[in-house]
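Residue numbers (this note's numbering): 670 to 800.
All residues carry an ideal CB built from backbone N, CA and C; glycine is no exception.
Quick caveat: nothing in here was measured; it's all calculated off a predicted structure.
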């Protein structure tokens, strides 16, 4: 019985160590503090698990916020690139962006379409200058 309990605790501790190491460095100390309280008999496995779940949720929320911020920055840049195009090219660029916003395309595809239109604009300007 005691051996089975120790084995289960060792398994749990191993899982907890893995969960802690998967956290960003600035969150690991809080998780290790919770684990230390448990190891000193001042806490329970459930308390440690709850603290880890809280930190994992915060990590997930932070990652989602960072992703949203990066997407907003990209979208702002794209909007600027579109507005710099001649009016007759903007609709094609906006169509490409709309596909992305509906999940039917990638940022890379939008960037490629914009680059194509920007090159055409440049070529058109060069031709007009020569004419």
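### Task
Out of 780, 724, 706, state which residue places its alpha-carbon closest to the alpha-carbon of residue 694.
Nearest C-alpha to residue 694: 724.
### Query
Does the segment 705-725 touch the segment 671-689, meaning 3 or more C-beta pairs lie closer than 8 angstroms?
yes
### Message
Taking 8 angstroms as the limit between beta carbons, can you name the residues of its chain near residue 699, skipping five residues before and five after?
### Response
The beta carbon of residue 699 is closer than 8 angstroms to those of 720, 724 in its chain, skipping five residues each way along the sequence.
#### Entry: Which of helix, strand or coil DSSP assigns to residue 704
helix
#### Entry: residue 692 (DSSP reduced to helix, strand or coil)
coil
### Task
Give a yes or no on contact between the segment 751-766 and the segment 728-737, applying the rule of three or more CB pairs nearer than 8 angstroms.
In the pairwise beta carbon analysis, the segment 751-766 is classified as not touching the segment 728-737: fewer than three pairs are separated by under 8 angstroms.
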